[in-house]
């Protein structure tokens, strides 16, 4: 496992490492301070003892609803609630995580370096100077989560169009909130549900196959 | 069950779609004169339809997974060329049939619209696969819920992706549709001059036939 | 790997070129997203100096269809169809990659037969993927015959896949702890019958292209990238191995039953378009070896685990017992309750390392899931690969990296 | 609740927990997120120990399993909830509970929120070992107007029996027969007619008791839950509205200790029908045959056109504004703003007629916001009259039309209605502007004892042209050339709060999720069993807190 590399990192930059743990299934995760990210990454990449030459992916996680989300099961138990405290939970902070999945081809080891971000301050230094491939991954994270990568040469949306407002992979972005570029024909449709009209955006999954809202019932026989 | 009203702004409907429904509105009883005019026109129309349906030049607007099955439909085993759709033209100006092969997302939709607008009349559109027909199971912020929200579609081929046989079936259906529609030299909404000219011809033909 | 005998020389200055410097200005050409010369839906803004590409800026996202967001709305098994459509040329490999992540979270080990079946179908898919890529290179360099041969070989395999999985392309075949269907009767013989034909067609493609003067001239020393640079750009899979870096997840971290398979990892030396092409041909042959070994070693036994928390109960139990119907109901409506955790799972996809970064919050749906499509880093290096080449070379380079919109743009 | 809790330390699975000495093991374990499964236990009912699902090991009884619902915590107690013996008992319990359970999930309304399903997946997940036939019992026993019973699905937790005994205090249910044949029954000739019978459906952990109103209407995972306030009476019970599309499927009680605890009445459960049926959907002008739907913009223009000439005449008493007690605070505030602009001198209070009352949750005033409208009138310095005074006006603007006398409306020269439902009054209106129901908008209400509570947009789908009342009023005001600046419900509420002595310094965003009680409003008499805000609790807000603070600091010694 990659614990040895984390120890190396701790020795080299003792104040950069916030914490580290091993996930189930053997993923080693080290959380580093945002301010020391580039330094730590440079060490991990360039030091022959670590040699993480391959940046596989940068992933983002939005923890907004991590504790509070319910999938519908056991909702009855939830309704009763514990007798002594209100159920409402505070939002999770730090809300965002940016995870860098690294790999060392020579050492055959993986490591995940993680940065935690509070929702009011979404800035991370860029690592494009270390890995060329970080360019698009950081653009991807910026596009999907709105994390600002400071010093990135060309921080623009990667997948969405420039007119798009918001960051779709954030948990508070409604799944069906579409922002059309071309005026769409909004015709009543039994199967497909409403078009992009009022109420058509952000309707829950359960509604998609009902499709009768916003439609004058007299248009059907 | 009665038909659902499909509302389309009139300007967006191609000639083919506007004409398609007229066949049903032809009165059963025809006078001799009108019959004789209909005879020429119908035969001309049939001939044009036959010619058009058997030489469909397709423009494969390939975006996604359906492209794999499009390849299969085009290649040796299924060979879409057997049905006159011989060779894909990769430019819209040379194509009759726009095959929307795969998911159209919102970023892509202006491109699709422009490609469609660049095609010359008469033109037909086939929604190849579920995504192009209805958005499929990609019901989210990124995806257009069917290409027909942007451009009119003639034939919908279901399947995710459709098997090549289904594609061929869709092509045959389109051919039937092309054959059945009325082909004319002018559009239905004739300009006043053309309408006047037609009227003159009609009276001329009436004189010719001794009436 | 085999070297062609007609070794073309490195590009050298044409001695006849007297006047190389013509007064000219740069021209910007917009290729795509729907362009006659491109496949896929990438938009390339190319700046040209005459025929030479000075700069290229790719813009992607024309096939972005919200894989992550849709998956987060679906139960763990409902994500499978979305993974099919990532790399839609080799869906089984995506299925396997994703389901391995879920199994890692749930600490579930699939049955042995299922492991073999996954490798078997996965390698068939890999062959299909490489055939498509090779066929497309041929097609777009004018060798339509190659394309027809490749597609015919692919059809043969897809027939087997559809008999085994129930669909030609989008199979959604794996399940947590196993696979959906077992081999149908007589399938092995059918596969053994068609594999030689596939190899034969592959050989024909080999014969048509590998020593073809035109093809070699169009691909040799075109789109060269060095090993260090390739790693820096995040290359994996055939594109990385074409540069000579020996990194294949199947060998480096043998998952499933790859450690019991005897196969080689072909390596290139130059990292050019030709190497990427020839490497894929070699991999087809290696995958063929794996398929045969799987058939030989395939053990009997169940194809899915017997744990009703993760695997659907047999239909007989569902219809006749409350336990069965409850398990079925909860698994379908709420999904498997996968324990909390965060994994990055990586497998060897057809184009390189296919990674899934999955976060579970203990509920029936993935909390977050993001995919590392092998094509994305490779595509991001496209400007680097085509810089300095003629615009006509863009097409073979673009084909040889085998950009698949589904996995790149998610 | 009032006495300070005595805290003791116990160890649950090796984790030290500081628990209230009155907690049982289930509640103590819940504090650290450890789930001890249970069917029959309910925090608000007596302990029955029927289901045996919560058996755990404790240091007090080594080698034995004790019920976690019945055993109280005590200092130094060690509890084990995950030993093999406990797990085996849980598995065995589930197997026993399922022996005679019918294969009903596909047709059962409870599936999706059924404890049997949840616990089966968590604690059992084994195939059945039963090879015999299942016991047949009565299905579809209609217990009462709202409740239907299926004996085969019943696991005899007796929660419903205990609820009727202890909370509703109308013991209408009992256990009859013995052993596996036992079932729940009503007494001969006495249906389950209590006004609180719907709660038995909520607390039933399985699909034995079902709500006849909701039965077979929707699967529970297709409906979306949104927090709101019941509009059935002036108690203001906190509810969840469960909806799909624009239709509400059921109301469920939402926990609020000081209003409704976790209960609600049957009338309240059916209160959503008013917001589902006979809705005024489209903005229209004209009455009777001549009426036509013209869309919100033209309807607003028409309303402005009709009202503009009257704006000077308000003071003479010929133009009146009628405000129903069904209006939200925001609508009331907007109505008074509009009235002020038009110079209206006469305001009328409408609303639903009073009805039954009891000593628990049901209040006689069947309007959710009488107090709120009165407070708003006070804040804007106007007097609310009874509907009898309508004889003297010639034109009327009606904010919600409940209880407006039709014969008096027919006499009017002009009637502009903002209405949620089509009724006799909207038939008389020259301009009808459709309103959203409380469940569809963000708003605030004040209940009978002065508890200010807010709602959220529980049903997000847009329905026809409907809009919140303050939005229509803002539109009219803008047309009259006096833009009100009301952009959101918060603006409308703030316009009210700024003027009110009770709400001074409060903004919409500051209203807590479970509401404030405005102290000055607390009535002296109180129904016997109704939940009551605790004195000194932070959820009581006194008027002008700044003033009060001064008094306390200066005269603290007294």
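Chains as they are written, first to last, in the working numbering: chain A, 1 to 221; chain B, 1 to 211; chain C, 1 to 410; chain D, 1 to 558.
Glycine included, each C-beta is placed from N, C-alpha and C at the ideal position.
The structure presented is a predicted model; accordingly, all values stated were derived computationally and were not measured.
Closer than 8 angstroms at the beta carbon, the chain C residues around residue i
i	result
residue 120 (chain D)	323, 326, 327, 330
residue 127 (chain D)	308, 313, 317, 321, 323, 324
residue 102 (chain D)	322
residue 69 (chain B)	168, 169
Cβ pair residue i, residue j closer than 8 angstroms
i	j	result
residue 421 (chain D)	residue 241 (chain D)	no
residue 119 (chain C)	residue 345 (chain C)	no
residue 335 (chain C)	residue 374 (chain C)	no
residue 152 (chain A)	residue 133 (chain A)	no
residue 600 (chain D)	residue 39 (chain D)	A query on residue 600 (chain D) cannot be resolved here, the shown segment of chain D reaching from 1 to 558 and no further.
residue 151 (chain C)	residue 180 (chain B)	no
residue 418 (chain D)	residue 400 (chain D)	yes
residue 99 (chain A)	residue 35 (chain C)	no
Own chain, CB closer than 6 angstroms to residue i, minus 5 neighbours either side, in chain order
i	result
residue 162 (chain C)	168
residue 49 (chain C)	26
residue 296 (chain D)	283, 465
residue 381 (chain C)	233
residue 228 (chain D)	239, 241, 439, 455, 458
Residues that residue i contacts on chain B, provided the C-beta gap is smaller than 7 angstroms
i	result
residue 83 (chain C)	Near residue 83 (chain C) there are no residues of chain B at all, since even the closest Cβ is about 12 angstroms away, more than 7 angstroms.
When the options are compared against residue i, the one with the closest alpha-carbon
i	options	result
residue 278 (chain C)	C:393, C:401, C:117	C:401
residue 159 (chain A)	A:113, A:168, A:44	A:168
residue 76 (chain C)	C:188, C:116, C:115, C:369	C:369
residue 503 (chain D)	D:237, D:329, D:351	D:329
residue 170 (chain C)	B:130, B:89, B:156	B:130
residue 270 (chain D)	D:278, D:44, D:250, D:355	D:250
residue 266 (chain D)	D:434, D:200, D:410, D:76	D:200
residue 80 (chain B)	B:55, B:65, B:132	B:55
Contact list for residue i against chain C, beta-carbon separation under 9 angstroms
i	result
residue 95 (chain A)	Chain C residues near residue 95 (chain A): none, gap ~12 angstroms exceeds 9 angstroms.
residue 406 (chain D)	Under the 9 angstroms cutoff, chain C gives no residues; its nearest Cβ is about 49 angstroms from residue 406 (chain D).
residue 642 (chain D)	Only positions 1 to 558 of chain D appear in the structure, and residue 642 (chain D) is not among them; the question remains open.
Contact test: residue i Cβ vs the ligand GDP heavy atom, cutoff 7 angstroms
i	result
residue 127 (chain A)	This structure simply doesn't include the ligand GDP, nor any ligand for that matter.
8 angstroms Cβ shell around residue i - same chain, five flanking residues per side excluded
i	result
residue 14 (chain A)	none
residue 66 (chain C)	410
residue 6 (chain A)	17, 20, 28, 30, 111
residue 187 (chain D)	172, 174
Proximal residues to residue i (C-beta, below 7 angstroms), its chain only, five neighbours per side dropped
i	result
residue 377 (chain C)	233, 234, 235
residue 12 (chain A)	43
residue 67 (chain B)	101, 102
residue 10 (chain A)	17
Anticipated Cβ contact below 8 angstroms, residue i with residue j, distance rounded
i	j	result
residue 92 (chain C)	residue 71 (chain C)	So it is not a contact: roughly 18 angstroms between Cβ atoms.
residue 157 (chain C)	residue 198 (chain C)	6 angstroms
residue 92 (chain B)	residue 125 (chain B)	Not confirmed; about 11 angstroms, so no contact.
residue 69 (chain D)	residue 26 (chain D)	6 angstroms
residue 85 (chain B)	residue 58 (chain B)	5 angstroms
residue 93 (chain A)	residue 118 (chain A)	6 angstroms
Per-residue contacts from residue i into chain C (C-beta, under 7 angstroms)
i	result
residue 134 (chain B)	By Cβ distance, chain C contributes nothing, its closest Cβ being about 13 angstroms from residue 134 (chain B), past 7 angstroms.
residue 111 (chain D)	329
Contacts of residue i in chain B (Cβ-Cβ under 9 angstroms)
i	result
residue 160 (chain A)	106, 107, 141, 142
residue 168 (chain A)	140, 141, 142
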